[in-house]
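Single-structure report; data block below.
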Amino acid sequence: MKVVKKVALIGASGFIGSRLLAELSARGHAVTAVVRNPEKVASLPGVTIVKGDVFDKDGLAKLLAGHDAVISAVHFSASDPQILLASVRQSGVKRYLVVGGAGSLEVAPGVKLFDTPEFPAIYLDEARKGGVFLDLLKQDQDLDWTFLSPSALIQPGERTGQFRLGTDQLLVDNKGNSSISAEDYAIALVDELEKPAHSRRRFTVGY
């Protein structure tokens, strides 16, 4: 029998956050959706919507307290990693899952995707800040964290449940493409919540 988790989802109205919210709800988990604008969140079974500010350490910690896990689905460039981590620690919740970026994945030994000439300049700041966040998590001694990086291209698509998992290297198919739908990304992250296999590690998902 599956255990229902009490999950706090920060950034539940975003591109990835909204897919995670739908996946968590569909699987019967009890979710607290923490967002800046509650009116932007769809009403779903098992979901409680609360207004929260990722820059308010004490206020955010209070909203997170009492949950089995926290999932962070906020842009790295629209938050402060030190405040987010401090809020989770202060809340007393140990399990922390982070929606990561693809930029810090390796495409060759010692070469990260965001270091390649082809990497779009428009995403560079977000990608580098994601790399900094991952480095901070690796130094953390308190949290049972997991950081899930998508493939190079993540976009709306089908929920197929058919994908591959990797570790620190960018996943590429036999045609040279690196992609994942946001819906399948959500499956991979909720799978990790339900059956942890990457404690204190980064992993990646792709076709």
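Counted from 1, the sequence shown has number 135 at position 135 by the numbering used here; the numbering is strictly sequential.
Note that beta-carbon positions come from the ideal geometry of N, C-alpha and C, so glycine has one too.
All figures in this text were calculated on a predicted structure; none of them were measured in a lab.
Length of the line joining the Cα atoms of residue i and residue j
| i | j | result |
| --- | --- | --- |
| Val7 | Ala182 | 19 Å |
| Ala127 | Val35 | 22 Å |
| Ile16 | Gln90 | 25 Å |
| Pro38 | His75 | 17 Å |
| Lys62 | Glu118 | 42 Å |
| Arg164 | Pro109 | 21 Å |
| Pro196 | Leu189 | 10 Å |
| Val50 | Arg159 | 27 Å |
| Arg19 | Ala121 | 26 Å |
| His198 | Glu192 | 7 Å |
| Gly52 | Ala33 | 9 Å |
| Glu194 | Gln139 | 25 Å |
Alpha helix (DSSP H) segment containing residue i, residue limits
| i | result |
| --- | --- |
| Lys51 | No alpha helix (DSSP H) holds Lys51; the beta strand (DSSP E) holding it covers Val47 to Lys51. |
| Gln82 | Pro81 to Ser91 |
| Arg95 | Where Arg95 is concerned, there is no enclosing alpha helix (DSSP H), although the beta strand (DSSP E) it sits in stretches over Arg95 to Val99. |
| Val190 | Ala182 to Glu194 |
| Gly166 | Counting along the chain, Gly166 falls outside any alpha helix (DSSP H), though it belongs to the beta strand (DSSP E) covering Arg164 to Gly166. |
Contacts around residue i, its chain only, beta-carbon distance under 7 Å, and the 5 residues preceding and following it disregarded
| i | result |
| --- | --- |
| Phe55 | Asp80 and Ile83 |
| Phe147 | Val98, Gly100, Leu134, Leu137 and Arg202 |
| Ser87 | Lys57, Leu60, Ala61 and Leu64 |
| Asp168 | Leu105, Glu106 and Arg202 |
| His29 | Val4, Lys5, Val7 and Gly46 |
Cβ shell of residue i (< 6 Å), same chain only, five flanking positions each side left out
| i | result |
| --- | --- |
| Ser212 | Any question about residue 212 goes unanswered here, given that the chain covers just 1 to 207. |
| Gly166 | Thr204 |
| Leu153 | Ser179 |
| Pro156 | Ala182 |
| Gly209 | The question about residue 209 has no answer, for the chain in this structure spans 1 to 207. |
| Lys40 | Ser13 |
| Val172 | Ser178 |
Beta-carbon spacing of residue i, residue j below 8 Å
| i | j | result |
| --- | --- | --- |
| Asp144 | Arg200 | yes |
| Leu85 | Leu170 | no |
| Pro150 | Tyr185 | yes |
Delimiting residues of the beta strand (DSSP E) encompassing residue i
| i | result |
| --- | --- |
| Lys6 | Lys6 to Ile10 |
| Gln149 | The residue you asked about is not Gln; residue 149 is Ser in the sequence shown. It spans Asp144 to Ser149 - the beta strand (DSSP E) in which Ser149 sits, taken as one unbroken run. |
| Leu153 | Leu153 to Gln155 |
| Ile122 | Element bounds for Ile122: n/a, residue is neither H nor E. |
| Arg202 | Arg201 to Gly206 |
| Ala33 | Ala30 to Val35 |
Sequence-distant residues of its chain with Cβ nearer than 8 Å to residue i (five each side left out)
| i | result |
| --- | --- |
| Gly103 | Lys112, Leu113, Phe114, Phe119, Tyr123, Leu124, Glu126, Ala127, Arg128, Gly130 and Gly131 |
| Thr116 | Val107 |
Closer than 8 Å to chain C by CB, residue i
| i | result |
| --- | --- |
| Glu106 | Judged by its chain identifiers, the structure shown contains no chain C, having just a single protein chain. |
**Asked** Is there contact between the segment 51–70 and the segment 93–106, where contact requires at least three CB pairs shorter than 8 Å?
**Response** Contact holds: three or more Cβ-Cβ distances are below 8 Å.
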